[in-house]
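Trainee:
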Amino acid sequence: ETGVTQSPTHLIKTRGQQVTLRCSSQSGHNTVSWYQQALGQGPQFIFQYYREEENGRGNFPPRFSGLQFPNYSSELNVNALELDDSALYLCASSLAASYSTDTQYFGPGTRLTVL
Amino acid sequence: RKEVEQDPGPFNVPEGATVAFNCTYSNSASQSFFWYRQDCRKEPKLLMSVYSSGNEDGRFTAQLNRASQYISLLIRDSKLSDSATYLCVVKSTGGFKTIFGAGTRLFVKA
């Protein structure tokens, strides 16, 4: 077990709705990254938060937004859901954003289905 | 061109076989390299980091060729439990952007 938890496990939404996914980092980790993994694909980097600030972003539109809290837990918010947003959403925590060798530990993911 | 490309697979091998996975990356400034393993409907888990000098962990050997921008993973004496998807991962300078390949599926059969 990595110590990274995510909620909910599964979620079904309809197109146009908004969703919030949650992640609790491993104890002592100050960095969290979010990924989207479509079926049959590798995880795609959405963004990373380091000490409550966005530290980098992948090629995702602004309707994907996030927060990191003082206890380093995190949220991913997606507005105006589209059918293509259906995927497994993974969060990963690590100790320090600036160390490229730092290992990321993944949570079990939230499986989002948009109808 | 994708930033990280892997063999499309799937690979179907018998127990005991040796199997090699290849991965290429496009950003020459990439700093860190990893192989992750992902079981069906589970989260990715770190298998091993990849260093220029090459590194070995039991039956697994990883190699990095910076000049060719190429990473490999060799699995010797395959076990049924090795069946999974293997993801090649590249991190940029500063470490904030992590790029995963699409993965290569391995089936090991008795």
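Chains A and B are the protein sequences, given in the same order. In our numbering, each residue carries its 1-based index in the first sequence increased by 185. In our numbering, each residue carries its 1-based index in the second sequence increased by 807. Just so it is clear, CB atoms sit at the ideal spot from N, CA and C, and this is done for glycine as well. Treat the numbers as computed from the prediction; the structure is a model and nothing was measured.
Between the segment 830-839 of chain B and the segment 877-890 of chain B, do at least 3 Cβ pairs fall closer than 8 Å?
Mentor: Verdict: yes, contact present.
Trainee: Pull up the CB-CB distance for A:VAL299 and A:LEU266, whole angstroms please, since I reckon it's below 8 Å.
Mentor: Position 114 of the first sequence holds residue 299 of chain A. Position 81 of the first sequence holds residue 266 of chain A. Their Cβ separation, rounded to whole angstroms, is 5 Å, which keeps A:VAL299 and A:LEU266 in contact under 8 Å.
Trainee: Taking C-beta pairs closer than 7 Å, name the residues in chain B that A:LEU275 reaches, listed in chain order.
Mentor: Counting from one through the first sequence, the residue named residue 275 of chain A turns up at place 90. Ordered by position in chain B, the residues that pass the 7 Å Cβ test against A:LEU275 are GLU850.
Trainee: Give me, in chain order, the residues of the same chain whose beta-carbon lies closer than 8 Å to that of A:LEU196; leave out the 5 immediate sequence neighbours on both sides.
Mentor: Translated into positions along the first sequence, residue 196 of chain A becomes position 11. Cβ within range, chain order: VAL204, LEU206, THR295, ARG296, LEU297, THR298.
Trainee: Around the C-beta of B:GLY910, are 16 or more other C-beta atoms found within 10 angstroms, so that it is buried, or is it exposed?
Mentor: Sequence index remark: in the second sequence, residue 910 of chain B carries index 103 (1-based). Classification of B:GLY910: buried, given that the 10 Å Cβ count is 16 or more.
Trainee: Could you check if B:ASN872 belongs to the surroundings of the ligand NAD, using beta carbon to heavy atom distance under 7 Å?
Mentor: Inclusion of the ligand NAD in the displayed structure is not the case, the ligand content being empty and no account of it being possible.
Trainee: My guess is that B:GLU822 and B:LEU913 are in contact by the Cβ rule of under 8 Å, so how many angstroms apart are they, rounded?
Mentor: Your numbering for residue 822 of chain B matches position 15 in the second sequence. Your numbering for residue 913 of chain B matches position 106 in the second sequence. Going by Cβ atoms, the distance from B:GLU822 to B:LEU913 rounds to 12 Å, so no, they are not a contact pair.
Trainee: Tell me which residue opens and which closes the beta strand (DSSP E) that A:THR216 is part of.
Mentor: Taking the first sequence and counting its residues from 1, the one referred to as residue 216 of chain A is at position 31. Per DSSP, A:THR216 belongs to the beta strand (DSSP E) from 216-222.
Trainee: Taking 8 Å as the CB-CB limit, is A:GLY227 close to chain B?
Mentor: Counting from 1 along the first sequence, the entry for residue 227 of chain A is found at position 42. Judged by the 8 Å Cβ criterion, A:GLY227 is in contact with chain B.
Trainee: Note the first and the last residue of the continuous beta strand (DSSP E) segment covering B:ARG866.
Mentor: Here residue 866 of chain B is taken as the residue at index 59 of the second sequence, counted from 1. Note, B:ARG866: premise wrong, no beta strand (DSSP E); not H, not E.
Trainee: What's the C-alpha gap between B:SER860 and B:SER875?
Mentor: Position 53 of the second sequence, counted from the first residue, corresponds to residue 860 of chain B. Position 68 of the second sequence, counted from the first residue, corresponds to residue 875 of chain B. So the two alpha carbons sit approximately 14 Å from each other.
Trainee: Which residue comes first and which comes last in the beta strand (DSSP E) that contains B:ASN819?
Mentor: Residue numbering aside, residue 819 of chain B sits at position 12 when the second sequence is read from its first letter. From DSSP, the beta strand (DSSP E) with B:ASN819 extends over 818-821.
Trainee: A:VAL189 and A:SER278 look like a contact to me (Cβ under 8 Å); what is the Cβ gap, rounded to whole Å?
Mentor: For the purposes of this step, residue 189 of chain A is taken as the residue at position 4 of the first sequence. For the purposes of this step, residue 278 of chain A is taken as the residue at position 93 of the first sequence. So it is a contact: roughly 5 Å between Cβ atoms.
Trainee: Are B:THR905 and B:VAL915 touching if we call contact CB-CB under 8 Å?
Mentor: Numbered from its first residue, the second sequence carries residue 905 of chain B at position 98. Numbered from its first residue, the second sequence carries residue 915 of chain B at position 108. No, these two residues do not count as a Cβ contact at 8 Å.
Trainee: Beta-carbon of A:ASN262 versus every beta-carbon of chain B: anything under 8 Å?
Mentor: On the first sequence, position 77 is the one that residue 262 of chain A refers to. So no, A:ASN262 is outside the interface.
Trainee: Rounded to a whole number of angstroms, what is the C-alpha to C-alpha distance between B:ASN872 and A:THR194?
Mentor: For this step, residue 872 of chain B is matched to residue 65 along the second sequence. For this step, residue 194 of chain A is matched to residue 9 along the first sequence. Rounded to whole angstroms, B:ASN872 to A:THR194 spans 39 Å at the Cα level.
Trainee: Taking the alpha-carbon of B:SER837 as reference, which of B:GLN813, B:CYS847, B:PHE907, B:SER899 has the nearest alpha-carbon?
Mentor: Along the second sequence, one-based indexing puts residue 837 of chain B at 30. Of the listed residues, the one whose Cα sits closest to B:SER837 is B:SER899.
Trainee: For B:LEU853, return the contacting residues in chain A, with the cut-off set at a CB-CB distance below 7 Å.
Mentor: What you label residue 853 of chain B is simply residue 46 of the second sequence in a count that begins at 1. What B:LEU853 touches in chain A: THR288.
Trainee: Any C-beta of chain B within less than 8 Å: which residues of the segment 230-257 of chain A qualify?
Mentor: The segment 230-257 of chain A vs chain B, Cβ under 8 Å: PHE230, GLN233, TYR235, ASN240, GLY241, GLY243.
Trainee: On the criterion of 16 or more Cβ atoms from any shown chain inside 10 Å, does A:ASN244 qualify as buried, or is it exposed?
Mentor: Translated into the one-based positions of the first sequence, residue 244 of chain A becomes position 59. Its Cβ having fewer than 16 others within 10 Å, A:ASN244 is exposed.
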